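Residue numbers (the working numbering): 380 to 1240.
Quick reminder that beta carbons are idealized off the backbone N, C-alpha and C, glycines included.
Predicted, not measured: the structure shown is a model, and the values here were computed from it.
Here is the structure we will look at, set down as C-alpha cells.
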C-alpha cells in the first residue's frame, strides 16, 4: 500500500538554511529519504515534517549505520536537524559482550555466560531441560523487563494463559499448509528468540535459553464428525483461556491443523506466546515468511540476536537512574487511577469486550496538521485525549495510565527489524486541570520524551516509586499507540500468500481497559478492550469526542483550559444532563403522611393493612386504633412538634404508635430495643422526647413519661383529629449508627416519606403488594417497609426477630404470606441468598443495600 500524498497545508514551512558540515549534511540526506521530502534545512523540525516514533527508530538505526550516534531523547526534545547534529557523539551505546558458548561446546561453564551469572549447578540444571543437552544450547541470559511481567502473569494464572495468542488460517490444500509450515520453520531457524525457552525452577532469577534447533510443534487435530464445525472445534480445543504452552520448551509456538472437507480446505491454528513476539516482531515474521514463500530468503538481512536488546536493557541506564526518574514523576501519587472503578489488573481476558472504529478522515487530517504545527507527534495528542477520558471516568484531574513503549529506541543495532519482545509498559502521569490546551500538549510531549530514556525500566520498579502501596495497582488503563502504516508491494503479497488467508486473530489483555490507536498512515483506528458491562463502543466514542474537542480548541481557542474540553458525545451528554435528571414526578408533596393514610382508610376500609402472626387489621381498624391512641397522647399533653420515643419491636403496636404520633402532629423517634440502654437513653435525651411508648416487659429509658401499651385501655373517640400541619413538618427523627463518632439525629419531613414510596420512579408500589417488615425499626429501610404498603393500599407483613434469624422459617413465612416486596441488608442477602432462591422468583421487587454487594451472588439470583 502506497503512502498517501503529503498534505502540504500541514507542513510547517520555516526559513530554509542549508545544512552545515558533514554531520548535518548526512542527517539531512537520511531525513529526506525517511520523510519523503525534497530538501531539509538545518532548522527543519522532525515532527513538523511528518516524523513519528517508528520513523525515529529507523532514523536512529540509519544514523548508526553511518557511524553517528545520539540520545534519542534529543530527537524528541529538540527535534531540529541542527540540534540533533550537535548531539551526535554525546551518547555512548552499550557494548554488547560476546557470547562465550562455542558451537561444539560439550559442557557450559559459568565464564561462558556473558549476560548472566549462574553457578555450575544451575547451568547443569538448565542444560538438562534442553533436548540434546549442551550441544543444543546456543545462549543463556535473563529476561527483558516486560518479559518478567509476562512470566509473572503466566505463573499466576489459575488456568490458561493471558498472554497466549492465536491466529487462524485457511489454506487451499495440503501443499499450501506444508508451504506455510516450512516458511514459518525457516523464520524460527533464523531468529534466536523463536528458539527460546524460559526456565525458572530452582533458579534465583528466571533465564531464557536459546536452543540451536527447535522444530515447530505440529499437531494434526482429529475433529468429532458429530460435533460443531471444524474451526469452532479447533478453537474450543485450544482456547487460551483453558490451554497453555509449556514455557520450558522451545519454540513457544504450536500449530494445530485439520482438514475442513465441507469447505474444501485445510485450517491451521497457530498459538504463539507474547513473551517472544510483540506487534512489530509479528510484522517481521510475516515479511520473512513472505520472502520464503517467494524464494527470496537470500535477500534478507542477517538476523539480529535478541541478546543485543537484553544487554541494552540490563547494562544501559542504571536502576538508580530509573528509580530517581520515577520517584520524581510518581512519588506523591498516593491514589491509583481506576477508570469506572476497574482495579483487577491480573485478569485472563475471558470477560473482555472488544470494539473498534475508524476516525473520520477529516478529523485524522486535522490531528496530523495540528501535531505538526505544535512540533509534536500525533501520539502526544492521543495520550492527552486519553488522559481526558480517564479523568472523566475516574473523577480525577490528574491521572496515571500505562503507555506501551516500542522499546526499540535504545534497543541496539538492528532493533528496527529484530524479533522479540521489545515493547514495555510504563506509567505516564498527565494533568488535565487548569492549564491551557497548548501547554497541556507540550507537557505530555515532554513527559513522553523523558520516558523514552527509561523505556527499559521494569513496571514493578516504577510502581514501587509511587505512593500507592502494594498490592493496589497504580493504574488499570493502558494506551497502546502503534504506527501501523507500511509500504508493501501488493503484487508480491498476492503472489506469496495465494491460497493462504487469515481467518481470525485474537487480541487479549490482562488489563481491564486498553485503548489501541493504530496510525494507518492517513487514517487512525481505535480499538478498545474493556471489561464486560462498561461498553467498548462507548469508550471509543469518548476517545473520539476527546480528540475532536482537543483539535477544535487547538485550532480556534488554544487558551481553553483542559478541564473545559468535552469528553462525552453529544447524545450521552444530553442523556446525562437532561434525561437522567428528568426526575420530576407527581406525588402528594403537600399532604402529611397520616392524611394520605387516612384517605386509604376511607377508600379501602376493609382491605388488610397489617398481618402479624394471628393478628390481622384492616385499614379501617388500624385507623381507629391509631386515632384512639393519638387522642390519649394529646390528653397526656403531647403538642404538635413534640417528640415521642417508640421503644417497640416490629409489631402491630409499632404501626399504630407511628400513626398515632403523626396524627398528633408530633414526631416519632424509633429506638432499637436490642441496643444498649445507654444508647437508647442518649436518643431520648438528645431528641427531647416527652413520652416513651413501649411494652411493660421492656427495660427502657427513664427521662420521658412511660406508656406501656399492653396495659393501656383506650376508650377515646375513634375519629380523625384533623390537626393542621404542613408536609414540610418533621415526621420522625432517626439516628445514624455513630460509627464515625456520636450518633446524629436526622429529621425527615412528611413530604420526603411520600416522595420515597409514591410514584418514585424506581418501584411502582400498589394495593396488591405485600411488603415484608423485616428491617430494624430504628434503621431507615423500615420507612420503606412500613409506608410503601400503607400509603399505597398494600399490606405490611411483620416479621419477628426469631423468624428473621432462621433462613428456613424466614423463607417459609415469605412464601406463606405471598410477600411481593422484600428489602434486605447486603449482609443478610449474601448469607440467605442460596436458600431464598425459590422465594425470589415470586417477588415483584427485591431491594438490597447498605453495603457492597457481591456481583457473583447477584448474578446467581
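| Item | Value |
| --- | --- |
| Proximal residues to residue 1021 (C-beta, below 6 Å), its chain only, five neighbours per side dropped | 1045, 1069 |
| Separation of residue 878 from residue 550, as counted between CA atoms | 6 Å |
| Any 3 or more C-beta pairs closer than 8 Å across the region 823 to 834 and the region 681 to 691 | no |
| Helix, strand or coil at residue 648 [DSSP, three-state] | strand |
| Cβ shell of residue 476 (< 6 Å), same chain only, five flanking positions each side left out | 493 |
| Residue 596, enclosing beta strand (DSSP E) - first and last residue | 596 to 599 |
| Sufficient close CB pairs (3 or more, under 8 Å) joining the region 648 to 660 to the region 540 to 548 | yes |
| Residue 889 - DSSP class collapsed to helix/strand/coil | coil |
| Buried versus exposed, by CB contacts within 10 Å (16 or more), residue 1105 | exposed |
| Separation of residue 994 from residue 1219, as counted between CA atoms | 25 Å |
| Proximity test, residue 903 beta-carbon vs the ligand COA heavy atom, cut-off 8 Å | Ligands in the displayed structure: none, and consequently the ligand COA is not present. |
| Between the CA atoms of residue 638 and residue 662 - distance to the nearest angstrom | 27 Å |
| Residue 535, enclosing alpha helix (DSSP H) - first and last residue | 524 to 535 |
| Assigned secondary structure, residue 667 (DSSP; H/G/I helix, E/B strand, else coil) | helix |
| Residue 634 in three-state terms, based on DSSP | strand |
| For residue 769 and residue 841, believed in contact at Cβ under 8 Å, the rounded distance | Their Cβ separation, rounded to whole angstroms, is 18 Å, which puts residue 841 and residue 769 out of contact at 8 Å. |
| For residue 1113: DSSP bridge partner residues | 1125 |
| Same chain, Cβ closer than 6 Å to residue 1224, neighbours up to 5 away in sequence not counted | 1142, 1200 |
| Residue(s) in a DSSP beta bridge with residue 1228 | 1204 |
| Helix, strand or coil at residue 876 according to DSSP, with G and I counted as helix | coil |
| Burial state of residue 607 (16 or more Cβ within 10 Å) | exposed |
| Three-state secondary structure assigned by DSSP to residue 1098 | coil |
| Continuous alpha helix (DSSP H) stretch holding residue 761: start and end | 757 to 773 |
| DSSP three-state assignment for residue 498, whether helix, strand or coil | coil |
| Inter-stretch contact (C-beta, 8 Å, three-pair minimum) for the region 1077 to 1091 and the region 1057 to 1069 | yes |
| Cβ-based neighbour list, residue 913, same chain, cut-off 7 Å, excluding 5 preceding and 5 following | 719 |
| Residues near residue 558 in its chain [Cβ-Cβ closer than 7 Å; skip 5 each side] | 672 |
| Strand pairing of residue 910, partner residues [DSSP] | 731 |
| Strand pairing of residue 806, partner residues [DSSP] | 781 |
| Residue ranges of each alpha helix (DSSP H) within the region 970 to 1007, 4 or longer | 972 to 982 |
| Segment contact flag, the region 573 to 589 with the region 611 to 628, C-beta cutoff 8 Å, min 3 pairs | yes |
| Assigned secondary structure, residue 719 (DSSP; H/G/I helix, E/B strand, else coil) | helix |
| Host beta strand (DSSP E) of residue 549 (start-end) | 543 to 550 |
| Cβ neighbours of residue 1004 in the same chain (closer than 6 Å, five flanking residues each side left out) | 1035 |
| Cβ contact (3+ pairs, closer than 8 Å) linking the region 923 to 936 and the region 731 to 747 | yes |
| CA-to-CA distance, residue 1132 to residue 1015, given in whole angstroms | 27 Å |
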